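2 protein chains.
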Amino acid sequence: MSQHPDQKLDGQPDPSRRKFLNTAAFAGLAGAGLSVGLSACKQEQAPAPGAEAPGAAPAAHATSAGVHLKPGELDTYYGLWSGGHTGDFRVLGMPSGRELHRVPCFVPDALTGWGLTNESKAIMGTKPDGSLKYTVGDTHHTHASYKDGNYDGRYAWINEKINSRIARIRLDYFICDKIIEIPNVQGFHGIFPDKRDPVDPAINYTTRVFCGAEFQVPLPNNGTDLEDTSKYRALFTCVDAESMEVRWQVLIDGNCDLTATSFDGKLAATNQYNLESGVHYVDMMSAERDACLFFNIARIEQAVKDGKYTTIGDSKVPVVDGTRAANKDPKTALTCTVSVPKNPHGVNATPDTKYFICAGKLSPTATVIEVAKVLDWFDGKLENPDQAIVAEVEIGLGPLHTAFDGRGNAYTTLFLDSQIVKWNIDAAIKFHGGDKAAQYVVDRLDVHYQPGHINASQSETVAADGKWLCVGCKFSKDRFLPVGPLHAETEQLVDISGEKMVHVADHPVRPEPHDFIIFKRELLSPKQVYTLEDFPHAVKLPSESGVFREGKKVTVKLTSQAPAYSLPEFKVKVGDEVTLILTNLDKIEDLTHGFAIPKYNINFIVNPQETASVTFKADKAGVFWCYCTHFCHALHLEMRSRMIVEA
Amino acid sequence: MSQHPDQKLDGQPDPSRRKFLNTAAFAGLAGAGLSVGLSACKQEQAPAPGAEAPGAAPAAHATSAGVHLKPGELDTYYGLWSGGHTGDFRVLGMPSGRELHRVPCFVPDALTGWGLTNESKAIMGTKPDGSLKYTVGDTHHTHASYKDGNYDGRYAWINEKINSRIARIRLDYFICDKIIEIPNVQGFHGIFPDKRDPVDPAINYTTRVFCGAEFQVPLPNNGTDLEDTSKYRALFTCVDAESMEVRWQVLIDGNCDLTATSFDGKLAATNQYNLESGVHYVDMMSAERDACLFFNIARIEQAVKDGKYTTIGDSKVPVVDGTRAANKDPKTALTCTVSVPKNPHGVNATPDTKYFICAGKLSPTATVIEVAKVLDWFDGKLENPDQAIVAEVEIGLGPLHTAFDGRGNAYTTLFLDSQIVKWNIDAAIKFHGGDKAAQYVVDRLDVHYQPGHINASQSETVAADGKWLCVGCKFSKDRFLPVGPLHAETEQLVDISGEKMVHVADHPVRPEPHDFIIFKRELLSPKQVYTLEDFPHAVKLPSESGVFREGKKVTVKLTSQAPAYSLPEFKVKVGDEVTLILTNLDKIEDLTHGFAIPKYNINFIVNPQETASVTFKADKAGVFWCYCTHFCHALHLEMRSRMIVEA
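Chains as they are written, first to last, in our numbering: chain X, 2 to 648; chain R, 2 to 648.
Right, dumping it as structure tokens:
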């Protein structure tokens, strides 16, 4: 018998929780007059094989002790989190769930001056008039660079869905150093780095990042074929991890959603929820099965090398043909389509390197696809790609994403059930193979509420350690003090070190993180102080400070050393184009200074040994007290420079 | 004997901590070749009266139990926090320290569309071309509206220093509804609401907000008197709490820093660190004593009523003369200057309503000023304003801000000592009065590191409850996992329910909160769903949706109900000025939707029953998949509308 869904962990019924599910989660479906077969699935769930009935009390091994750190105690894991439409990249300490940093990337950040300094504008991208091209962003997925199947601490990447951008984060300084916009696509959603080269065994680390596009558009999307939806297409994209240039794209049928890669470097994968290519959501869910699409990286790159590609519109990126019609012969195919039930979401590679798992979303199933068999199909050894499916089992309502503990178990979020289901992959394969006694569901845990992404410590590496699991719950409802209509989301922390999952903490987060990764702190060694020489415009000595005029162009060079700037005052004239360069000569860790100019809409910071610059038009006469905005010293309030703008 | 500063709570020496102080905190002072007498102060500290030696082990009454909430357990206090140069207003749950919300006010917020929707732009303020006037902000102090000496849950206010703005936050919806820019000032820093009317006893609640300006500038600051620093002046400002219009300003000597108000409504106060009116920091610290300046509110308002004011430049705000030269006669004086040692920081009203306390910053002292005696001076009953000083006692190095427990004790941050000192006000008064046996220092606690603001639960009200104390530490150094050069700050939580302070948790925060308040959750009842009728442009039914054209001006009306927008597609033409109005018809708490338009730099959210609009130029032909950015439903990914822009 499986755990009754109306029971809380303490064994007491929790009717309010279910009441919410009934109203919120199903409201839209009911309101739109749709029947998507979810009720039917619910009924089918009862006889599905479950685990032994869980005891009412959590196992003794895992309590909240060890989750809450003592003052001064450090977290043992880093968490890298997307920030959703807050547009940022977040760094959490785990298990405390404390947010330690936000790395500005796609949207301006008033604290750091990101989007305002010349250096950050060059990374973000500007219009011809110098203003930022984009100020909104919607980050979804972040993953880090690999070496030998584990994180190597070089980079993380994060996607931005609204404007189809990808950013790279340097993990030495936790800064964004590169952003590009992917051409020819809309709704860029999934992202995953490769883990090694498919051909060269010496390249045992990440050199590519794969990007899936969710929305299908006319190609090129320039006003032609506006309403001929049969011509709308999506592309799968490969970005070079070092140069951050787009290497190639693949034209496909249907769309891309999430992305995953095999540990051998040979395959990339994307789940597809709209193989129908519908433009209305009713059409997008009309087929009973969609797909997981696999890309043969070596063959695609050979095709590009052989010139077997086209380009789209103004874009110079090689585009190879990955449609089913063009890839019928397995021996030459660039892609392989394995069918997956109804609008799947999530595709995840198991840490034993053997499988990809797709979650059914509108089907209550998980589909397990064997990597070796997909490769067999490409080698002509498998008649039908669906023969690569080694399990397709019912796990609960609205399955979305799956994490792993390195002990053979998968943890899948059930959006509609508001649960995590822990299930054993080998047992699922046995059950699928006919062994109906195989108990693949190990445990179920209520979460609060409507979980989306899930991940476990080291889950996406060969070093999955099965210690902590975190689940991003899209609704928090009543879990925190009320703060008005906009609710925090809940990142719930679960101890998975034992047989039973134990929910140990609720961490609210500003909406809305999607994906995240959690890994051991030993894998990173961030630097705390910049190197002066890394900044070409650095003002290396206070004596280099001054106002340097060339006609109407004025350069003001400044340094900071607590509690003073090198120039207590400086003069410019109305009409000047002023470029102000500030180098922080303080060398001590954590001794950051700010620089604000009242009424001129300028503020930015310089971390120890950092140089930053801003350019602005002196358009107002008067006295403007530039001041340090980042607390630095007992005389911080007195740390000022006086900008005198002469009429 | 007082607690040895090199001892940690467990009694073990912590040399690394002091090492940091020696290098970081003093580096600037030493580097600038200054001697500010701090070393001397340090020597004087030893014989100062202290508490009994604290035991090595924290008292049993307060451990980390009770600080860390169980999953689902709610916080018992709200915390309202400034966000510093992040420019926001934050809502924390206490004691967990979890950030539950950020209320966008002074700077754009990509998550909500603040600064992008027409509604938020109207509040933030725009240039003639429709773009935002300011996109950076530096929030420092937040305080809430009072009734009968306690918070009444109507409003909070928060200041912005770079551009001298003040924002009001509605505490029913936790939204900013009004922002104004204060004229004639620069470096607006301190802010405090009054607590009742000075004249009308029926007005037992907040109707004014007082604002102190820190930087002295030419008046008007339009290019005249640029270098005649003797003409630079600062003003103290009163803003109407309801209309948010500036009522009046007071011309003063020196500058304003922090602000406080008496519980009887009669006095506002500001500490002054630059009575010298220096423009270089060395000059700002040349005098041995600066001041706390008191404003007689009733007299100032009578003077305004009597027409005894001037105006400055284009501003129509009445400015009364509060300089010392004009206010020598106590019986008619608008202001009263009480001297305070060297560059004081912080002025705080005690919850027993009797005193104001100023911290010495560059003097190791706290100064206790009796409210009744200041009023006596205004009544001609006190010869010298300094006779209102009832205590001036040494408490430690770099005292900045003071909080209270409602049991007669004050808690002052010592920036240079990296400590909190708990001291008894009555004992300090006795000691100052000559009773050298009075032990006013009760306890000292090391914090990490360089504490600035401090506050305790309900500390600024007559209901101070002495339960939790939080201290904003400006440097976190080694308290969290390293995340590059920009460090989080540390808000350290201290249990003050017992005789000894017990540090129970470290909460990292994104730089840089300054002030904050903590109050009981029962004082607020926020609403979770908006009222449709409160939005004049609401699209109240899906049937009201459509594209409405008037020449080149096009209005697109849309509604949202999970998982669909009312229009699956809509058409506009290149060159149109499009205003898109979206009403979220979902009524369920927490069911927020987003609306992003790819490549058009648009994203915003609509909370339940909320209406928002954006206006943009259709300047690119093509198909643009508008999509829901705020997870709402199992079919969230499929929730889209297709904007077709015809060439």
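Where is the CB? At the ideal position from N, CA and C, for every residue including glycine. Note that the structure is predicted; figures quoted are calculated from it, not measured.
Paired residues, beta bridge with residue i - DSSP
i: R:ALA649; result: Summary: the structure shown does not reach residue 649 of chain R, with chain R confined to residues 2 through 648, and so no result is reported for it.
i: X:PRO509; result: X:THR491
i: R:VAL443; result: For R:VAL443, which the question treats as bridged, DSSP gives no partner whatsoever.
i: R:PRO452; result: R:CYS474
i: X:LYS588; result: According to DSSP, which records beta bridges pairwise, X:LYS588 is partnered with nothing at all.
i: R:MET644; result: R:PHE571 and R:PHE625
Coarse secondary structure for residue i, derived from DSSP in three states
i: R:ASP201; result: coil
i: X:SER316; result: coil
i: X:THR230; result: helix
i: X:ASN119; result: helix
i: X:TYR282; result: helix
i: X:LEU383; result: coil
i: R:ALA350; result: strand
i: X:ALA111; result: coil
i: R:ALA26; result: Caution applies to R:ALA26, whose pLDDT of 37 falls short of 50 and renders its modelled position unreliable; the value that the coordinates give is listed next. Reduced to three states, the DSSP call for R:ALA26 is helix.
i: R:LEU268; result: strand
i: X:ILE1; result: Because chain X is modelled from 2 through 648, residue 1 of chain X falls outside the range shown and cannot be assessed.
i: R:ILE124; result: helix
i: R:GLU500; result: coil
i: R:ILE298; result: helix
i: R:VAL540; result: coil
i: X:ASP322; result: strand
i: R:ALA33; result: Residue placement at R:ALA33 is poorly supported in this model, since its pLDDT is 34, which falls under 50; the coordinates are not used for a value here.
i: X:GLU650; result: In the structure displayed, chain X extends from 2 to 648; residue 650 of chain X sits before or after that span and is not available.
i: R:GLU161; result: strand
Residue i, buried or exposed, once every other Cβ within 10 Å from all chains shown has been counted against 16
i: R:THR532; result: exposed
i: X:ALA411; result: buried
i: X:PRO202; result: exposed
i: R:ALA123; result: exposed
i: X:ARG408; result: exposed
i: X:LYS317; result: exposed
i: X:ALA326; result: exposed
i: X:LEU75; result: exposed
i: X:ALA261; result: buried
Residue from the options with nearest C-alpha to residue i
i: R:PRO184; options: R:CYS239, R:PHE617 and R:GLN459; result: R:CYS239
i: R:VAL198; options: R:GLN217, R:SER263, R:ASN222 and R:GLU228; result: Rather than Val, the amino acid found at residue 198 of chain R in this sequence is Asp. That would be R:SER263, whose Cα lies nearest to the Cα of R:ASP198.
i: X:THR143; options: X:VAL394, X:MET125, X:GLY80 and X:GLN187; result: X:GLY80
i: R:LEU220; options: R:LYS343, R:VAL210 and R:ALA235; result: R:ALA235
i: X:GLU277; options: X:ALA270, X:MET286 and X:ASP258; result: X:MET286
i: X:VAL615; options: X:GLU100, X:ASN119 and X:LEU112; result: X:ASN119
i: X:PHE571; options: X:LEU586, X:VAL505, X:GLU161 and X:GLU647; result: X:GLU647
i: X:MET95; options: X:ALA457, X:ALA292, X:THR230 and X:ALA360; result: X:ALA457
i: X:CYS257; options: X:LYS162, X:GLU243, X:ASP315 and X:ASP229; result: X:LYS162
i: R:THR338; options: R:LEU376, R:ASP195 and R:SER642; result: R:LEU376
i: X:GLU246; options: X:PRO319, X:LYS600, X:SER526 and X:ASP330; result: X:PRO319
i: R:THR225; options: R:GLY150, R:ASP178 and R:ILE313; result: R:ILE313
i: R:LYS355; options: R:ALA299, R:LEU268 and R:GLY347; result: R:LEU268
i: R:LYS148; options: R:SER165, R:PRO194 and R:THR136; result: R:PRO194
i: X:HIS86; options: R:LEU112, R:SER97, R:GLU490 and R:CYS293; result: R:LEU112
Cβ separation of residue i and residue j, assumed to be a contact under 8 Å, to the nearest whole Å
i: R:PRO486; j: X:GLU611; result: 7 Å
i: R:GLN459; j: X:TRP626; result: About 35 Å; that fails the 8 Å criterion.
i: X:PRO352; j: X:ASN272; result: Not quite, the Cβ-Cβ distance comes to about 19 Å (not below 8 Å), so this is no contact.
Residue i: contacting residues in chain A (beta-carbon distance under 8 Å)
i: X:ARG550; result: Although the question refers to chain A, the structure presented lacks it and instead comprises the protein chains X and R.
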